[in-house]
Structures are given as C-alpha cells and as structure tokens.
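A.B. asks: Here UniProt numbering is used: the first residue of the sequence shown is 1, the next is one more, and so on.
Ideal placement from N, C-alpha and C gives every residue a C-beta, glycine not left out.
Just so we're clear, the structure is a prediction, and the values are computed from it rather than from any experiment.
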Amino acid sequence: MALKNDLIVAMDNKSVRLYEDEFMVIIADVFPKSKHHYLVLPKEHIQEVNSLKTHHIPKLIYMELKGLEFVVYRTMLPARCFQVGYHAYPSMNRLHLHILSKDFNSVHLRHPFQWNSFHTEFFVPTYSNYRTIIRKTAFKLILK
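Right under this line is the structure:
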C-alpha cells in the first residue's frame, strides 16, 4: 500500500518539486519511460480519472497548459514532441497527468506492459477525458 501513496508523499517533499503553484505540483517521474517524463499533480485530492466531474475540467486544462509550458521551457523542445495524458487504470493513488517526450528512450522501459501503458487505450489523452466527463454528466442529467 505504501507504494500506491508514493505520489502523495512526493508532493509533500520540497526537494522533488520542480514547480508548484496554488493548484498543482510538477515532479519528475521516478521511473521515467522517456528522456523527459514529468507528472503534474493537482493539490486538490482527486483519486483517479474516474473520480473527475465537470467542475474539474478548468483545473485539468490549467494543469495541461501550465505543465506543457513548464516542460517546453525546461527542455527547449516544442510541445508537439510530448505526449500528454492519464492512465485509464492508474497504479498510484492521486490523479496525475503524464507529460513525456515521444522518444521513449529509457532504461525503465523494459517490459511490453510498460510500452503498452503509453501506446494503447490504457493511455488516455487529455482531450478524451474532457469528452468522457461531459458525456457522463449529460447522461446523468438525462436520467433525472
């Protein structure tokens, strides 16, 4: 169980925070799957993608834009060089947005499941999350 909470612990550790503001924290992934692999975590406790509601969408957009701005500035690479999204079935507690370079050049990318976690429907691009949240909310309103 301790490993599942490592992101929460990392957020509280000032030495691993690369960026912080009132809404989010950016840290480097401990086991990067690319040359550049960062995690953007909201300060609000949100367990996972399936916990998201429509009122979270502005915060998710902010996390994506601010995260990309940080990564582009830090790496000096254009935004198109990065893949941005969430794992549909996360292994860690706390919602976290992955921003990683598309090179997938890493010693931590050793097993097929690690590759698949960023190249199949297991990895959900941010825009897909917004659509899913809106659809779920609309469906609930129709059922009322």
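Taking the DSSP output, what are the residues bridged to Tyr62?
C.D. replies: Mapped onto the sequence shown, residue 62 falls at position 62. None; Tyr62 has no bridge partner.
A.B. asks: In angstroms, rounded to a whole number, what distance separates the CA positions of Met76 and Lys35?
C.D. replies: Looking up residue 76 in the sequence shown gives position 76. Looking up residue 35 in the sequence shown gives position 35. For Met76 and Lys35, the distance between alpha carbons rounds to 13 Å.
A.B. asks: Measuring straight from C-alpha to C-alpha, what distance separates Met24 and Phe113?
C.D. replies: Walking along the sequence shown from the start, residue 24 turns up at place 24. Walking along the sequence shown from the start, residue 113 turns up at place 113. Roughly 28 Å between the two C-alpha positions.
A.B. asks: Distance check for Leu68 and Ser117, CA to CA, integer angstroms please.
C.D. replies: The residue given as residue 117 occupies position 117 in the sequence shown. The residue given as residue 68 occupies position 68 in the sequence shown. Approximately 20 Å, taken between the alpha carbons.
A.B. asks: Report all residues from its chain with a CB closer than 7 Å to the CB of Asn105; omit the five preceding and five following residues, and keep chain order.
C.D. replies: Position 105 of the sequence shown, counted from the start, is the residue given in the question as residue 105. Only Ser34 and Lys35 meet the Cβ criterion.
A.B. asks: What does the alpha-carbon distance come out to for the pair Ala28 and Arg74?
C.D. replies: Reading the sequence shown from its first residue, position 28 is the one you call residue 28. Reading the sequence shown from its first residue, position 74 is the one you call residue 74. Rounded to the nearest angstrom, the two C-alpha atoms are 12 Å apart.
A.B. asks: Between which residues of its own chain and Met1 is the CB-CB distance below 6 Å, once the five residues before and five after are set aside?
C.D. replies: Counted from its first residue, the sequence shown places residue 1 at position 1. Legend: pLDDT at Met1 = 44, less than 50; position of this residue unreliable, value from coordinates given subsequently. Counting only Cβ-Cβ distances below 6 Å, and skipping sequence neighbours, we find nothing.
A.B. asks: Using a 10 Å radius around the Cβ and a threshold of 16 neighbouring Cβ atoms, would you call Glu64 buried or exposed?
C.D. replies: Translated into the one-based positions of the sequence shown, residue 64 becomes position 64. So Glu64 counts as buried.
A.B. asks: Among Arg80, Ile61, His98 and Leu52, which one has its Cα closest to the Cα of Phe31?
C.D. replies: As a working mapping, residue 31 is identified with position 31 in the sequence shown. It is His98 whose Cα lies nearest to the Cα of Phe31.
A.B. asks: Under the rule that 16 or more other beta-carbon atoms within 10 Å means buried, what is Ala10, buried or exposed?
C.D. replies: Residue 10 sits at position 10 when you count from the first residue of the sequence shown. Looking at its Cβ environment, which holds 16 or more other Cβ atoms inside 10 Å, Ala10 is buried.
A.B. asks: For Pro125, collect the residues of the same chain with a Cβ closer than 6 Å to its Cβ; drop the 5 residues on either side in sequence, then sort them by chain order.
C.D. replies: For the purposes of this step, residue 125 is taken as the residue at position 125 of the sequence shown. Contacts found: Gly85.
A.B. asks: Taking the CB atoms as reference points, tell me whether Pro90 and Glu48 lie closer together than 7 Å.
C.D. replies: Working through the sequence shown from its first residue, we reach residue 90 at position 90. Working through the sequence shown from its first residue, we reach residue 48 at position 48. Yes; because the gap between Cβ atoms is below 7 Å, this pair is in contact.
A.B. asks: I need the DSSP call for Val25, collapsed to helix, strand or coil.
C.D. replies: Sequence index remark: in the sequence shown, residue 25 carries index 25 (1-based). In the structure shown, Val25 sits in a strand (DSSP, three-state: E or B).
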